Amino acid sequence: MAQAKEVDSLTIIERDGKLLGRVTVTLEVPEPAGVLPVGVDMNETNALVAADPDGNTLFVSGKAVKVANRRTQKTRSRLQRKLAA
Numbered sequence: 001m002a003q004a005k006e007v008d009s010l011t012i013i014e015r016d017g018k019l020l021g022r023v024t025v026t027l028e029v030p031e032p033a034g035v036l037p038v039g040v041d042m043n044e045t046n047a048l049v050a051a052d053p054d055g056n057t058l059f060v061s062g063k064a065v066k067v068a069n070r071r072t073q074k075t076r077s078r079l080q081r082k083l084a085a
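Numbering (full-length UniProt numbering), first residue to last: 1 to 85.
Listed below in structure tokens is the structure:
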């Protein structure tokens, strides 16, 4: 509480015959340093593509997910046809 810049609210509730207090405070937090922005693209062919300012890239293939989604869709279609017949 010594680091608190401001006390925003105090809520008192009764639970099992006891009083509980909840305090909300505002704290001063320093700005983060050394964080580099990273661009991220998520899609089906490449599940994740990331690039940083230094030109380093990361590709995570989405082929396994694409195959599983296609298999699920085919199975769903086949079962729905059976239900409709």
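Yeah, the Cβ is synthetic: ideal placement off N, Cα and C, and Gly gets one too. Quick caveat, the model's predicted, so the values are computed rather than measured.
The beta strand (DSSP E) enclosing residue i, as first and last residue numbers
i          : result
residue 46 : 46-51
residue 64 : No beta strand (DSSP E) contains residue 64, which is instead part of the alpha helix (DSSP H) from 63-84.
Spatial distance of residue i from residue j (CA atoms)
i          : j          : result
residue 76 : residue 70 : 10 Å
residue 11 : residue 28 : 22 Å
residue 41 : residue 83 : 39 Å
residue 17 : residue 23 : 20 Å
residue 21 : residue 32 : 32 Å
residue 85 : residue 15 : 58 Å
residue 74 : residue 19 : 58 Å
residue 8  : residue 30 : 20 Å
Per DSSP, the bridge partner or partners of residue i
i          : result
residue 4  : 27
residue 40 : 50
residue 55 : In the DSSP output, where bridge partners are listed per residue, residue 55 has none listed.
residue 21 : 12
Whether residue i touches residue j by CB criterion (7 Å)
i          : j         : result
residue 25 : residue 4 : yes
Cβ distance (whole Å) where residue i is taken to contact residue j below 8 Å
i          : j          : result
residue 51 : residue 57 : 5 Å
residue 65 : residue 47 : 6 Å
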